[in-house]
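Number 356 in the working numbering belongs to position 356 of the sequence shown; there are no gaps in the numbering. Here a beta-carbon is modelled for each residue, glycine too, at the ideal position from N, C-alpha and C. The block underneath contains the structure these notes are about, expressed in structure tokens.
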Amino acid sequence: MMKTSLSRSPWWWVPTLYFAEGIPYFIVNNISVTMFTKMGVPNGEMALFTSLLYLPWTLKPLWSPVVDIFKTKRWWILAMQILMSAAFILLVFSIPRPSAELIGSSSTPVGMFTFTLILFVITAFASATHDIAADGFYMIALDHGQQSFFVGIRSTFYRLSSIFGQGVLVVIAGVLEERTGNIPMAWTLTMAVTAVIFALVTIYHTFFIPAPKDDRTVKSSGSDSSLASEFGHAFVTFFKKPGALIAIVFMLLYRLPEAFLLKMVNPFLLSSAEQGGLALPTSTVGIVYGTIGVISLTVGGIIGGMAASKWGLKKSLWPMAACMTLPCLTFVYLSMAMPHNLFIISTCVAIEQFGYGFGFTAYMLFMMYFSEGEFKTSHYAICTAFMALSMMIPGAFAGYLQEMMGYEMFFWMVIVCCLGTVAVTKLIKVDPEYGRSK
């Protein structure tokens with residue numbers, strides 16, 4: 001194993017580790033939506049099955065102690081990356097090839113993708129486990145000063161993986177669709193590109209992720225029974241916290257409009273005019289939503305963080321709730337006006353994503369605020385489980401609702417759901433000084 005000083009420098013592994021953390025997440029939760037839509041799977045089935053793929057991120061607190069008890073964090077990182085590399089390679093051979101007529105009728109049965117979905121599920125569980133190990137390794141391998149310095153770096157490269165997953169890969173698939181005229185072949189080749197890149201990153205990490213002496217199992221510090229007792233105690237204390245019920249309701253409903261909207265954005269941009277969509281080419285969607293949208297989301301998050309540090313969480317809540325809800329009107333406009341001008345479409349997507357990025361800051365800060373106390377790490381993990389659940393449940397029904405209502409009425413329904421965001425924002429109470437920089 002390489003033990004050079006270069007291999008131990010955080011610059012050699014922090015950026016690539018968090019880039020690798022993001023790729024499978026966006027493949028499973030975002031690329032799958034676009035691919036199934038282009039393959040002609042009806043929106044109802046597409047949204048239901050892709051939303052269920054959120055489940056591992058919802059449940060990951062249940063097996064997070066396993067990562068501590070067995071093996072090292074480094075072992076888990078490499079093992080999960082090898083498993084995901086294998087899954088991506090198998091995905092290349094699992095993608096079915098429905099006929100052009102079946103795709104055009106938008107009635108491709110999701111059953112054709114059974115093996116593909118099984119591989120997505122394996123990737124999802126491996127990715128959720130990888131998240132646990134990577135975040136734990138980050139805190140073990142770096143001192144407090146390095147952790148503070150690299151927190152922005154890790155976030156940046158996670159966002160870059162989003163641009164790669166939702167932007168670059170979708171553009172590649174779109175270009176291949178246009179050049180080959182074969183949608184299944186285009187997505188097969190796109191997944192092959194993903195498999196090669198992820199496998200190369202995995203090989204790189206086997207040599208350049210360090211093996212710090214503090215990265216060891218926790219068995220030596222206590223018995224399995226005491227660990228299980230502590231784990232159970234962490235769960236019990238979470239639900240016994242003052243205001244726990246209101247906090248859970250806030251975590252489940254604050255993002256309700258976005259939870260419905262997220263599953264239907266790409267289908268709306270891709271669907272034909274007869275179906276109420278904007279009929280954009282796949283490559284254009286990769287640029288508009290996967291690149292411009294993600295950049296706007298990132299900028300919104302950065303500005304949101306700056307605003308929260310100046311105002312504090314309490315004063316930030318209402319401006320951020322407004323930015324979480326009002327920009328959803330851009331999709332009402334798009335569904336009514338059906339513009340062909342790419343600048344107008346891109347601007348609407350950018351406004352909505354910027355608002356979501358800005359508004360999401362309050363959500364993240366509240367989870368950290370509610371997690372304060374003896375079991376901060378465990379309680380934050382439970383909060384992230386509710387965060388995943390808040391996206392999974394509405395997303396599962398979004399496609400069926402859209403099929404019943406059509407895109408325009410569906411987006412109006414999203415606006416009505418904004419009342420949920422307003423209601424839960426009014427309910428919660430926070431320390432006026434929390435989040436404000438000193």
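Roughly how many angstroms lie between the CA atoms of residue i and residue j, to the nearest whole one?
| i | j | result |
| --- | --- | --- |
| L253 | C348 | 24 Å |
| F26 | I95 | 18 Å |
| I351 | F411 | 16 Å |
| I89 | W318 | 46 Å |
| M251 | V193 | 36 Å |
| V422 | Y400 | 25 Å |
| L234 | F386 | Before going on, a small fix: residue 234 reads as Ala here, not Leu. About 16 Å. |
| S296 | F358 | 10 Å |
| E178 | L91 | 22 Å |
| E258 | L334 | 16 Å |
| Q353 | G300 | 8 Å |
| M405 | L270 | 18 Å |
| G373 | F238 | 10 Å |
| Q402 | M409 | 8 Å |
| L78 | I140 | 16 Å |
| S316 | G304 | 9 Å |
Relative to the C-alpha of residue i, which candidate in the options has its C-alpha closest?
| i | options | result |
| --- | --- | --- |
| L256 | A388, A20, G111 | A388 |
| V28 | M191, A100, D143 | M191 |
| G174 | L280, M46, F343 | L280 |
| A132 | T114, G111, T72, I163 | The sequence shown places Ile at residue 132, rather than the Ala named in the question. Here the closest residue by C-alpha is T72. |
| A275 | G304, T37, G420, R74 | Note that residue 275 is Gln in the sequence shown here, rather than Ala. For Q275, the nearest C-alpha among the options comes from T37. |
| I31 | S390, S271, I163, L17 | I163 |
| S272 | D68, Y407, V66 | Y407 |
| G420 | G305, I246, E372, I345 | I246 |
| P212 | T282, I287, P10, L313 | P10 |
Assign residue i to one of two classes, buried (16 or more other C-beta atoms within 10 Å of its C-beta) or exposed (fewer than that).
| i | result |
| --- | --- |
| P242 | exposed |
| Q166 | buried |
| W12 | buried |
| R159 | buried |
| M84 | buried |
| S229 | exposed |
| L278 | buried |
| A432 | Before going further, note that residue 432 is Pro rather than Ala in the sequence given. So P432 ends up on the exposed side. |
| D439 | There is simply no residue 439 to check, as the chain begins at 1 and stops at 438 in what is shown. |
| T180 | exposed |
| K3 | Reliability of the predicted coordinates at K3 is poor, the pLDDT of 41 falling under 50, and no value is obtained from them. |
| M336 | exposed |
| E448 | In the structure as shown, the chain begins at 1 and stops at 438. Residue 448 is therefore absent and cannot be evaluated. |
For the region 20 to 40 against the region 367 to 379, are there 3 or more C-beta pairs whose distance is under 8 Å? The region 20 to 40, when compared against the region 367 to 379, does not touch it at the 8 Å Cβ threshold.
Stretch-stretch touch, CB-based, cutoff 8 Å, three pairs: the region 99 to 113 with the region 36 to 48: Three or more pairs of CB atoms, one per stretch, sit closer than 8 Å, so the region 99 to 113 contacts the region 36 to 48.
Kindly confirm or deny that the region 422 to 433 and the region 284 to 297 touch, where touching means at least three C-beta pairs closer than 8 Å. Output reads no: the region 284 to 297 does not touch the region 422 to 433.
Between the region 322 to 330 and the region 262 to 274, do three or more beta carbon pairs fall short of 8 Å? No, they do not touch.
Is the region 120 to 128 touching the region 54 to 73, taking contact as three or more C-beta pairs under 8 Å? Enough Cβ pairs lie closer than 8 Å, so yes.
Are the region 300 to 315 and the region 180 to 187 touching by the rule of at least three beta carbon pairs closer than 8 Å? Cβ pair count under 8 Å is below three, so no.
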